[in-house]
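In the working numbering, the protein residues as written are 4 to 164.
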């Protein structure tokens, strides 16, 4: 197996963000109470309700990335229900200066938490489960995920648009 690269020096990260898309996973954490949204602390989409997510580390499978992101960002273990697919996420802002925005190829996963006890990392200012029909204003990338979720298969009521 390839050695995992977890930390990337700032100057290298800036070059990566400026020149190429970032492979990532996004987690649609669902319970009977609804969908977990977290208020972003960092760019891109700073201050918006979004789903938790993060980049894939070198040598890490998509599923391993899902589990790691759940542990690191939310402090929970999850069970993967299904993969929604790959999504092209482009932002005008980035977490590095002079990058001209940020581009992700994000793999969306529907997951269920194995505990109710969230422990947020420093990337979010708040997190809350929202009823699927009472969501706050969310980023269009979150809406794209919701449009592809199969609510009935998850035992959830379908969204009413």
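Glycine is no exception: its CB is placed at the ideal position from the N, C-alpha and C atoms.
All figures in this text were calculated on a predicted structure; none of them were measured in a lab.
Compare the Cα-Cα distances from residue 121 to each of 72, 112 and 65 and report the closest residue.
-> Start at 1 with the first residue of the chain shown, and residue 121 comes out as number 118. Taking only the C-alpha atoms, the option nearest residue 121 is 72.
Take residue 94 and list the residues in its own chain whose beta-carbon comes closer than 6 Å to its own, dropping the five residues that flank it on each side.
-> Within the chain shown, the letter at position 91 stands for residue 94. Counting only Cβ-Cβ distances below 6 Å, and skipping sequence neighbours, we find 47, 104 and 105.
Please report how far the alpha carbon of residue 129 lies from the alpha carbon of residue 62, in whole angstroms.
-> On the chain shown, residue 129 is found 126 positions in, with the first residue counted as 1. On the chain shown, residue 62 is found 59 positions in, with the first residue counted as 1. Near 31 Å, if we compare the C-alpha coordinates of residue 62 and residue 129.
Under the DSSP definition of a beta bridge, which residues are partnered with residue 24?
-> Here residue 24 refers to the residue found at position 21 when the chain shown is read from its first residue. For residue 24, which the question treats as bridged, DSSP gives no partner whatsoever.
Would residue 87 pass as a contact of residue 113 if the rule is Cβ separation under 8 Å?
-> Here residue 87 refers to the residue found at position 84 of the chain shown. Here residue 113 refers to the residue found at position 110 of the chain shown. Against a cut-off of 8 Å, the Cβ pair of residue 113 and residue 87 comes out as a contact.
Whole angstroms is fine: what's the gap from residue 18's alpha carbon to residue 96's?
-> Counting from one through the chain shown, the residue named residue 18 turns up at place 15. Counting from one through the chain shown, the residue named residue 96 turns up at place 93. In a straight line, the C-alpha of residue 18 is about 15 Å away from that of residue 96.
Cβ of residue 111 within 8 Å of Cβ of residue 90?
-> As a working note, residue 111 is residue 108 in the chain shown. As a working note, residue 90 is residue 87 in the chain shown. Their beta carbons are under 8 Å apart, which means residue 111 touches residue 90 by this criterion.
Would you please state the rounded distance, in angstroms, between the beta carbons of residue 77 and residue 54? I believe it to be under 8 Å.
-> As a working note, residue 77 is residue 74 in the chain shown. As a working note, residue 54 is residue 51 in the chain shown. The pair is not a contact, with the Cβ atoms about 11 Å apart (cut-off 8 Å).
Which residue comes first and which comes last in the alpha helix (DSSP H) that contains residue 143?
-> Locating residue 143 in the chain shown gives position 140, where the first residue counts as 1. That run of the alpha helix (DSSP H) goes 143-151.
Would you report the Cα separation of residue 135 and residue 119, rounded to the nearest angstrom?
-> If you number the chain shown from 1, residue 135 lands on position 132. If you number the chain shown from 1, residue 119 lands on position 116. About 18 Å.
Which whole-angstrom value describes the C-beta separation of residue 74 and residue 27, a residue pair presumed to lie in contact below a C-beta threshold of 8 Å?
-> Working through the chain shown from its first residue, we reach residue 74 at position 71. Working through the chain shown from its first residue, we reach residue 27 at position 24. 16 Å between Cβ atoms; not a contact.
Compute the distance between the beta-carbons of residue 115 and residue 33, then report whether it is under 8 Å.
-> What you label residue 115 is simply residue 112 of the chain shown in a count that begins at 1. What you label residue 33 is simply residue 30 of the chain shown in a count that begins at 1. Yes, Cβ-Cβ distance for residue 115 and residue 33 is below 8 Å.
Among residues of its own chain, excluding the 5 on either side of residue 123, which ones have a beta-carbon nearer than 6 Å to its beta-carbon?
-> Here the question's residue 123 lines up with position 120 in the chain shown. Contacts found: 130.
Residue span of the beta strand (DSSP E) that contains residue 41, given as start and end = In the chain shown, the residue the question calls residue 41 occupies position 38. Element bounds for residue 41: 37-43.
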